[in-house]
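Chains as they are written, first to last, in the working numbering: chain Z, 1 to 119; chain Y, 1001 to 1119; chain U, 2001 to 2137; chain P, 3001 to 3137; chain A, 4001 to 4099; chain B, 5001 to 5099.
A virtual CB, placed ideally from N, CA and C, is assigned to each residue, including glycine.
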């Protein structure tokens, strides 16, 4: 089994790129791979707690929490989050916040990297 | 003097569509027009307080507050904000939150409408 | 007693962007705009799908099943239920090899009376002329 | 003692998207990645501008003056200061009628030793082959 | 109608401008749309300049991208600022389109 | 290299695929990229299908858009799911590109 690092820079709601990243993470975990998910740029939107789930909007808090239970490793870009007014105190429990070097560190021993750009 | 309603659906950081909307609002106010700014979709990102100003990211909290002092009327889509985990308690002082009908209401007596889409 | 007419023009496909859905939900909000207006005043919204935007109207979208997300199709039906004029460009459907049988045409199952209007672009162009303001998505 | 090489490929113009800037800031972060690695291990990042992406390299960008935003140009210079290999596709510059005198070439004024490498696409292609992972922006 | 159309991208993904036939058309090049005014690709000016329209380009967005009024290749494209956009919208056009 | 390229848009704004020359190329049609597999525009199949590549299309993204495997016009495009994407990435390709 290998290690997959996914980077996603797209908004929580809009392109469904983050939905894609979360589903792909789930599928990879299911197959026994280790998965790191790095969110940066607008992708940090997924790191905020208390997203109110409406069916009209992508709502990823619940699936993300479930996958983190199964070992998904999620880290958000701290500067990208702070710039948007997202702070430690409303970050989803279990989501880490580090500098951009974390992403590079994760790719170091990753077998595969999928970098999904943003808007 | 007339009334301009601007709708902007794009992220706080990324396309600079919101930067454009804020600058255009300022220019219109300067000329004596009344300006309503509606933010919906990812545009609600501008309605959050405590955006940390870094020069690497569009930072619109300060210019928005200055323009609101000069009469800019800013309303964010409540459902779009809630879905993203943005709630009343971290909404920027002076920014209103209403349903989408507010935008239509604003266009009713607007002389001009500029609708700037999002991602 | 005055009416302001808005034309919502959807030019791009859905899901990759929130815009087509937001066009419909905003247009549907015309149902409740009265709270901001004087008695008798109203805002009417027409919606037109043109170019790649007509792909939003393909029926049987399984967005809830796959992404737990209301489909654009369901928003089109809500629009019909709310008696919006919803236009789909005939030439663009034809360009994509699509026919009326491929797209959402009505909202009968939720009690809607209106049908989607598949019309030549010229009619959408006429609608745009008649509107006070245009919003492009 | 191992090295992982990443290739950052910037294909689109800046400002309308955060991606070109984020490509550079992430590549620059290779300077501090050691905290996550064993002694002697490293991650090296090369950056290439291709297609419309070469427009990011036009010099004298007044983004601070107009939008209070660090320019993509300043990020390219930071990349050079951090000794990143930064490639710009020669054919794409020529396609746009741009020459080396139109783009940022070095970061001398902030003490950078590296120059931007204006190279044929074939060389960028070779770089991509050599990298362990590619990240497209 | 008199339509002010804002073009904010260099690569367009919609053909809306090809089909709109307003009585009067203004094309305002903003954001990455400014490249239509300054770049010849393979020696050819952008087809964006081929419409029967009045053309404007936003100075702030030119400058942000390292460009100036002197980089604008066609004299029919007028360099304007945000205040001018407001005046155009109120005085010369009645509807807008952000494409 | 063996490259798995993810195409997520119907209207492309980059020509990257035209220039990449990997030893082995897989094109995975996802999101609005799925339309390349199902739509003929003016009677012509999408030029996205002209590369010398193995083609895949994501079933979940077809279905979301009201399409099914039977709408896929060319038998060379294989309908797959998220699990298959993981296997392709790990077993058949060594690098990826999200375009």
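Check, Outcome
"Chain-ordered chain A contacts of residue 1031/Y [CB-CB under 9 Å]", "4083, 4086, 4087 and 4090"
"Against chain A: residues of the stretch 2018-2045 of chain U by CB proximity under 9 Å", "none"
"Run of the beta strand (DSSP E) containing residue 3048/P, from where it starts to where it stops", "3042-3049"
"heavy atom of the ligand MN below 8 Å from residue 2020/U C-beta", "Summarising the ligand content, the structure contains no ligands, and the ligand MN is consequently not present."
"Reference residue 5058/B, options 5033/B, 5089/B and 5090/B, closest by Cα", "5033/B"
"Interface flag, residue 2070/U vs chain Z, CB-CB below 9 Å", "yes"
"At least three beta-carbon pairs within less than 8 Å, the stretch 5020-5033 of chain B to the stretch 4020-4028 of chain A", "no"
"Residue 5094/B - DSSP class collapsed to helix/strand/coil", "coil"
"Three-state secondary structure assigned by DSSP to residue 5026/B", "strand"
"Close beta carbons around residue 3079/P, own chain, < 7 Å, minus the five adjacent residues each side", "3024, 3027, 3028, 3047 and 3086"
"Cβ-based neighbour list, residue 4076/A, same chain, cut-off 6 Å, excluding 5 preceding and 5 following", "4055"
"Cβ neighbours of residue 2088/U in the same chain (closer than 8 Å, five flanking residues each side left out)", "2048, 2049, 2054, 2057, 2103, 2116, 2117, 2118 and 2119"
"Neighbour-count burial assignment, residue 1041/Y, 16 or more Cβ in a 10 Å radius", "buried"
"Boundaries (first-last residue) of the beta strand (DSSP E) holding residue 4073/A", "Counting along the chain, residue 4073/A falls outside any beta strand (DSSP E), and DSSP gives it neither H nor E."
"Own chain, CB closer than 6 Å to residue 3042/P, minus 5 neighbours either side, in chain order", "3003"
"Bridge-paired residues (DSSP) for residue 4055/A", "4027/A and 4077/A"
"Pairwise C-alpha distance: residue 1060/Y and residue 32/Z", "44 Å"
"Through-space distance from residue 4069/A to residue 119/Z, alpha-carbon basis", "28 Å"
"Against chain Z: residues of the stretch 3085-3100 of chain P by CB proximity under 9 Å", "none"
"Cβ separation of residue 5080/B and residue 2096/U, assumed to be a contact under 8 Å, to the nearest whole Å", "Between residue 2096/U and residue 5080/B the Cβ distance is about 24 Å, and since that is not below 8 Å, they are no contact."
"CB contact below 9 Å: residue 3121/P versus chain Y", "no"
"Beta-carbon contacts of residue 3092/P that lie in its chain and below 7 Å, excluding the five residues immediately before and after", "3050, 3051 and 3054"
"Within the stretch 2008-2071 of chain U, ranges of the alpha helix (DSSP H) (whole runs, at least 4 residues)", "2019-2028 and 2063-2067"
"Contact with chain A by residue 3079/P, beta-carbon distance below 9 Å", "no"
"Closest residue to residue 1069/Y among 1043/Y, 1035/Y, 1052/Y and 1010/Y (Cα-Cα distance)", "1035/Y"
"Three-pair Cβ contact test at 8 Å for the stretch 87-105 of chain Z versus the stretch 3030-3039 of chain P", "yes"
"Chain-ordered residues of the stretch 4031-4056 of chain A with a beta carbon less than 8 Å from chain Y", "4031"
"Min CB distance residue 28/Z to chain B below 9 Å", "yes"
"DSSP-derived helix/strand/coil call for residue 5033/B", "helix"
"Neighbouring residues, chain Z, relative to residue 2016/U (Cβ below 9 Å)", "14, 15, 16 and 17"
"Nearest to residue 4050/A (by Cα), restricted to the options 4008/A, 4096/A, 4074/A and 4042/A", "4074/A"
"Rounded Cβ spacing between residue 1050/Y and residue 85/Z (contact assumed at less than 8 Å)", "5 Å"
"Identified DSSP bridge partners for residue 62/Z", "Its beta-bridge partners do not exist; DSSP assigns none."
"Outcome for residue 82/Z when other beta-carbon atoms lying within 10 angstroms are tallied against a minimum of 16", "buried"
"Reduced DSSP secondary structure (H/G/I, E/B, other) of residue 35/Z", "strand"
"Close-in-space but distant-in-sequence residues of the same chain around residue 2121/U (CB under 8 Å, 5 per side omitted)", "2050, 2089, 2090, 2091 and 2092"
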